[in-house]
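Number of protein chains: 2
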Amino acid sequence: MTVTSPQGFVAAGVTAGLKASGRSDVALIVNQGPSMAAAAVFTSNRVHAAPVKWSRQAVADGQLQAVILNSGGANACTGPGGFTDSATTAARVADRLGLITDNVAVCSTGLIGVRLPMDLLLAGVDEACATAHADGGDAAAAAIMTTDTVPKQAVVQGEGWSIGGIAKGAGMLAPGLATMLVVLTTDAALDAAALEAALREATRLSFDRADSDGCMSTNDTVILMASGASSVTPEIADFTTALTGLCQDLARQLIADAEGASHEIAIEVTGAATEADAEEVGREIARSNLFKCAIFGGDPNWGRVLSAIGVTRAAFDPDELDVSFNGVMVCRGGQIGDDRALVDLSGRHVQVTVDLHAGSETATILTNDLTYDYVKENAEYSS
Amino acid sequence: MTVTSPQGFVAAGVTAGLKASGRSDVALIVNQGPSMAAAAVFTSNRVHAAPVKWSRQAVADGQLQAVILNSGGANACTGPGGFTDSATTAARVADRLGLITDNVAVCSTGLIGVRLPMDLLLAGVDEACATAHADGGDAAAAAIMTTDTVPKQAVVQGEGWSIGGIAKGAGMLAPGLATMLVVLTTDAALDAAALEAALREATRLSFDRADSDGCMSTNDTVILMASGASSVTPEIADFTTALTGLCQDLARQLIADAEGASHEIAIEVTGAATEADAEEVGREIARSNLFKCAIFGGDPNWGRVLSAIGVTRAAFDPDELDVSFNGVMVCRGGQIGDDRALVDLSGRHVQVTVDLHAGSETATILTNDLTYDYVKENAEYSS
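Chains as they are written, first to last, in our numbering: chain A, 37 to 419; chain B, 37 to 419.
Okay, structure coming up:
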């Protein structure tokens, strides 16, 4: 059920002392081959962290042998010194395991604007390299947690091959902490170009549609490594479908564990002229604080949904909009629909469906409500 | 200090019974001429309320004789029936005062998706028409309040002419309630084209730059009426400057009274390549929930400021960004700057200054922090 489920990977999770809590904070995932094909997607935030700069270079040639990750510090906005810290970390892994430095990706998560304590980190790296083993995925998943309350792991089986994954993050519901880091492994035999295509499609339909608070981290990274150890080369379409399902599973786990949230909300937009329209409308609703507060309050406030739709560029006629909360169409044709008292928002799962009546495309965005605990977590975090 | 300060206007504020609180809820401002030149700006939300549809038509010819406003119901998403309600309200004012129906603008604010109780409203309209007088501005300012805790009024004196204004709203910090309504009056002798140009410039530099929670109302309206009663025609530049100052005064009053807020935040962006860049950067910071929670927590979290800047399209180099909180440059050149412990955020006013080092343009966006009370107000509002 984790990154060491596919053949050809070992992993570790150790405690380097980076976190005040004393919990484990350094994770390592090593691809033992025979292939070292890899692909990655990174935050599109123009202010990105040193490990993102480093890893983007490292994966540029489509090859990775290992990923080293730390929680307890994002190493973002730390200048040239921070970049050197990332490079030094990668070099240490390469030295201890006999790898090529440029084949080691680095991920960091934690507070922005603070240098990492390199002596502690490098000692942790040494221990991780010494202890990585074929059952180490669970320990790695635990070591990348920050405000996560549970580790996120998943696996999917193909015919003779499999994909495993671990993730951390609270769907951006947490601050400097908020970074989403995901490491995916497969023993399928696929080249870097195939991995890249599959990963872009999978992330577009999963992590890109999980939007907790609209804030994009400086450190978000999703890395996919293929060992080829199964010697099986799946159809790329089959692999992409499996990878997409796995990423959607991990995205749901991230949203379900979002800090401070009391409701998980799926916003399904149907009847859109284009998929981009559906996505824009879903995202705009997901980013409306008024809507998110209403869900927290158990209020099926469809006026706030229409108000959010109205600022998008999507094709629609305001007089044709239908909005349902948990199956009750409280707004029909842009006006008052069924009795809002029929809507039950007491459960943790909320399904909001919007029909734009402008076409046949759809998209679903996952988000959370806005709660006292969200404010509390994010007001008290770094002080 | 209000809309009846300029010559040629009478006003009223009465209690029609639209609000559960029993407070006054119908306001009327009448332009007695000799001119009936007018201009207006409305919400750009594509889902806009019936009174916005009505008033946009009414002011299309550059003439208004009166504005009738109600709190206690937004008359938004109410279909053709809602539009008829707005038209009926305008016609009633025209009938009672001997005006032309198409010269009466209508504004509404309150919950979306609920029809107005027209019997109560029209009785209130009758009373307002019967009681409008030259000292009625204060009563009008009170009658348009929703979650506002204080009325917002201002006046500015020119040479032989003046401008007065009233406003309501919580800078979009409130929900269906959130509508910003502004009525401005002047006794200057200016035609509709001059008023339109001055109003567009003034709102661009004032209300458009007050962004409390990024949510745009279905009902936002700013109306400017000129009576010409002073017989003075000011230079348009002088008039525009005065009007802009008055609107900025009212915008500050709106932000200062934003629901649930514990800090008023001015985000000043300097060194921008274009004014649009400065505005985009300021707005993105103002819309970051993470930043707003940090201010609530008294935390000068510059990492969240950089993270917000990074998602804009503005011209800047991440390694040249300077960020100050209340005069302390906590981020210099994109890295750790002066000691954050030197920043005092205990006061209500917070000044955040960002220097993009990419040019010489500037813009200031006003916003608030994100607090428990914001969540409370917006979770409990309509249930």
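Using N, Cα and C, we set each Cβ at its ideal position, and we do this for glycine too.
Exercise. Mark H299 (chain A) as exposed unless 16 or more other C-beta atoms lie within 10 angstroms of its C-beta, in which case mark it buried.
Key: Indexing the first sequence from 1 puts residue 299 (chain A) at position 263. Buried, because 16 or more other Cβ atoms sit within 10 Å of the Cβ of H299 (chain A).
Quiz item: Based on the DSSP secondary-structure assignment, which residues constitute the bridge partners of L64 (chain B)?
Solution: For this step, residue 64 (chain B) is matched to residue 28 along the second sequence. According to DSSP, which records beta bridges pairwise, L64 (chain B) is partnered with B:A48 and B:I104.
Quiz item: Just curious, the beta strand (DSSP E) that R368 (chain B) is in, first and last residue?
Solution: Along the second sequence, one-based indexing puts residue 368 (chain B) at 332. Residues V364 to R368.
Quiz item: What does T182 (chain B) reach in chain E if we use C-beta pairs closer than 7 Å?
Solution: Absent from the structure is chain E; the protein chains it does hold are A and B.
Exercise. Would you mind telling me which residues of chain A sit closer than 9 Å to D249 (chain B), beta carbon to beta carbon, in chain order?
Key: Translated into the one-based positions of the second sequence, residue 249 (chain B) becomes position 213. Those within 9 Å of D249 (chain B) in chain A are S324, N325 and L326.
Quiz item: Which residue from A:I65, A:T120 and A:C329 puts its Cα closest to that of D249 (chain A)?
Solution: For the purposes of this step, residue 249 (chain A) is identified with residue 213 of the first sequence, where counting begins at 1. D249 (chain A) has its Cα closest to that of A:C329, out of A:I65, A:T120 and A:C329.
Quiz item: Can you check whether the CB of W197 (chain A) is closer than 9 Å to the CB of D227 (chain A)?
Solution: For the purposes of this step, residue 227 (chain A) is taken as the residue at position 191 of the first sequence. For the purposes of this step, residue 197 (chain A) is taken as the residue at position 161 of the first sequence. No, these two residues do not count as a Cβ contact at 9 Å.
Exercise. Use the C-beta contact count for L54 (chain B): other C-beta atoms within 10 angstroms, 16 or more gives buried, fewer gives exposed.
Key: If you number the second sequence from 1, residue 54 (chain B) lands on position 18. L54 (chain B) is buried by the Cβ-count criterion.
Practice problem: Within its chain, find whatever has a CB closer than 6 Å to the CB of I180 (chain A); leave out the 5 residues flanking it on each side and keep chain order. | Solution: Walking along the first sequence from the start, residue 180 (chain A) turns up at place 144. Within the same chain, and ignoring the five residues on either side of I180 (chain A) in sequence, the residues whose Cβ sits closer than 6 Å to its Cβ are A63, L105, S107, K204 and L217.
Quiz item: Taking Cβ to Cβ, would you say S242 (chain B) is nearer than 9 Å to T280 (chain B)?
Solution: As a first step, residue 242 (chain B) must be located in the second sequence, where it is residue number 206. As a first step, residue 280 (chain B) must be located in the second sequence, where it is residue number 244. Cβ distance < 9 Å, so S242 (chain B) and T280 (chain B) count as in contact.
Quiz item: Hey, does L235 (chain B) have any beta-carbon neighbour from chain A nearer than 9 Å?
Solution: If you number the second sequence from 1, residue 235 (chain B) lands on position 199. Output row for L235 (chain B): interface = no.
Quiz item: Can you find at least 3 beta carbon pairs, one from the stretch 159–175 of chain A and one from the stretch 37–46 of chain A, that sit closer than 8 Å?
Solution: Judged by Cβ distances under 8 Å, the stretch 159–175 of chain A makes contact with the stretch 37–46 of chain A, as three or more pairs qualify.
Practice problem: Let me know the secondary structure DSSP gives I321 (chain B) once reduced to three states. | Solution: In the second sequence, the residue the question calls residue 321 (chain B) occupies position 285. If DSSP states are grouped into helix, strand and coil, I321 (chain B) belongs with the helices.
Quiz item: Looking at G200 (chain B) and F45 (chain B), is the spacing between their C-beta atoms short of 9 Å?
Solution: The sequence position of residue 45 (chain B) within the second sequence is 9, counting from 1. The sequence position of residue 200 (chain B) within the second sequence is 164, counting from 1. In terms of Cβ geometry, F45 (chain B) and G200 (chain B) form a close pair [threshold 9 Å].
Exercise. Kindly list the residues whose CB is nearer than 6 Å to the CB of G49 (chain A), restricted to its own chain and excluding five residues on each side of it in sequence; keep chain order.
Key: Within the first sequence, residue 49 (chain A) is the residue found at index 13, counting from 1. Excluding positions up to five away in sequence, the list reads S60, A63, A175, A176, A178 and A179.
Self-check item: Straight-line gap, A345 (chain A) to P116 (chain B) (C-alpha atoms, nearest Å)
Solution: Taking the first sequence and counting its residues from 1, one reaches residue 345 (chain A) at position 309. Taking the second sequence and counting its residues from 1, one reaches residue 116 (chain B) at position 80. The sequence shown places Ile at residue 345 (chain A), rather than the Ala named in the question. A straight-line Cα-Cα distance of about 20 Å links I345 (chain A) and P116 (chain B).
Quiz prompt | Through-space distance from G58 (chain B) to E304 (chain A), alpha-carbon basis | solution = Counted from its first residue, the first sequence places residue 304 (chain A) at position 268. Counted from its first residue, the second sequence places residue 58 (chain B) at position 22. Cα-Cα distance, rounded: 40 Å.
Exercise. Report all residues from its chain with a CB closer than 7 Å to the CB of L156 (chain B); omit the five preceding and five following residues, and keep chain order.
Key: Along the second sequence, one-based indexing puts residue 156 (chain B) at 120. Around L156 (chain B): A52, G53 and L54.
Quiz item: Within the 9 Å Cβ cut-off, does F332 (chain B) reach chain A?
Solution: Counting from one through the second sequence, the residue named residue 332 (chain B) turns up at place 296. Taking Cβ atoms only, chain A reaches closer than 9 Å to F332 (chain B), which makes this a yes.
Quiz item: So which residues of chain B does P153 (chain A) contact, with C-beta pairs closer than 9 Å?
Solution: As a first step, residue 153 (chain A) is located in the first sequence; it is residue number 117 there, counting from the start. None at all; the shortest Cβ gap to chain B is about 15 Å.
Self-check item: Residue range of the beta strand (DSSP E) that includes M154 (chain A)
Solution: The residue labelled residue 154 (chain A) in the question sits at position 118 within the first sequence. Note, M154 (chain A): premise wrong, no beta strand (DSSP E); alpha helix (DSSP H) at M154 to T167.
Practice problem: Tell me, please, whether the CB atom of Q371 (chain B) is closer than 9 Å to any CB atom in chain A? | Solution: Taking the second sequence and counting its residues from 1, one reaches residue 371 (chain B) at position 335. True, the Cβ-Cβ gap to chain A drops below 9 Å.
Practice problem: With Q387 (chain B) as the anchor, note down where its beta strand (DSSP E) starts and where it stops. | Solution: Indexing the second sequence from 1 puts residue 387 (chain B) at position 351. First-last of the beta strand (DSSP E) with Q387 (chain B): H385 to D391.
Self-check item: Strand pairing of E300 (chain B), partner residues [DSSP]
Solution: One-based indexing of the second sequence puts residue 300 (chain B) at position 264. E300 (chain B) is bridged to B:H385 and B:N404.
Self-check item: Among B:V364, B:D374 and B:C283, the one whose alpha carbon lies nearest that of A190 (chain B)
Solution: For this step, residue 190 (chain B) is matched to residue 154 along the second sequence. When each option's Cα is compared against that of A190 (chain B), the closest is B:C283.
Exercise. Check the Cβ-Cβ distances between N362 (chain B) and every residue of chain A, and say whether any is below 9 Å.
Key: Counting from one through the second sequence, the residue named residue 362 (chain B) turns up at place 326. Chain A, which has no Cβ nearer than 9 Å to the Cβ of N362 (chain B), makes this no.
Quiz prompt | Three-way DSSP call (helix, strand, coil) for K412 (chain B) in this model | solution = Looking up residue 412 (chain B) in the second sequence gives position 376. Looking at K412 (chain B) - three-state DSSP - the assignment turns out to be helix.
Exercise. Give every residue of the same chain whose Cβ lies closer than 6 Å to the Cβ of D97 (chain B), excluding the five residues on either side of it in the sequence, and list them in chain order.
Key: Numbered from 1 along the second sequence, position 61 holds the residue referred to as residue 97 (chain B). Here the set comprises nothing.
Quiz item: Looking at C-alpha atoms only, which residue of A:A225, A:S267 and A:D274 is the closest neighbour of A238 (chain A)?
Solution: Translated into the one-based positions of the first sequence, residue 238 (chain A) becomes position 202. Nearest to A238 (chain A) by alpha-carbon distance, out of A:A225, A:S267 and A:D274, is A:D274.
Exercise. Since I believe A75 (chain B) is in contact with V95 (chain B) (beta carbons under 8 Å), could you give me their beta-carbon distance rounded to a whole number of angstroms?
Key: Mapped onto the second sequence, residue 95 (chain B) falls at position 59. Mapped onto the second sequence, residue 75 (chain B) falls at position 39. With 8 Å as the limit, V95 (chain B) and A75 (chain B) qualify as a contact, their Cβ atoms being about 7 Å apart.
Self-check item: Start and end residues, beta strand (DSSP E) containing F361 (chain B)
Solution: On the second sequence, position 325 is the one that residue 361 (chain B) refers to. Where F361 (chain B) is concerned, the enclosing beta strand (DSSP E) starts and stops at D358 to F361.
Quiz item: Which of helix, strand or coil does DSSP assign to E397 (chain B)?
Solution: Residue numbering aside, residue 397 (chain B) sits at position 361 when the second sequence is read from its first letter. E397 (chain B): strand per DSSP, three-state reduction.
Quiz item: Excluding five sequence neighbours on each side, which residues of the same chain lie with their C-beta closer than 6 Å to the C-beta of A164 (chain B)?
Solution: Counting from 1 along the second sequence, the entry for residue 164 (chain B) is found at position 128. Taken in chain order, the residues that qualify are A48, V50, V62 and L64.
Quiz prompt | Host alpha helix (DSSP H) of G281 (chain B) (start-end) | solution = As a working note, residue 281 (chain B) is residue 245 in the second sequence. Secondary structure note for G281 (chain B): its alpha helix (DSSP H) is the uninterrupted segment I272 to A292.
Exercise. Decide if the stretch 335–353 of chain A is in contact with the stretch 373–390 of chain A; the criterion is three or more beta carbon pairs, one per stretch, under 8 Å apart.
Key: yes
Quiz item: Nearest CA to the CA of T114 (chain B): which residue from B:E311, B:A85 and B:V142?
Solution: Here residue 114 (chain B) corresponds to residue number 78 of the second sequence, with the count starting at 1. Of the listed residues, the one whose Cα sits closest to T114 (chain B) is B:A85.
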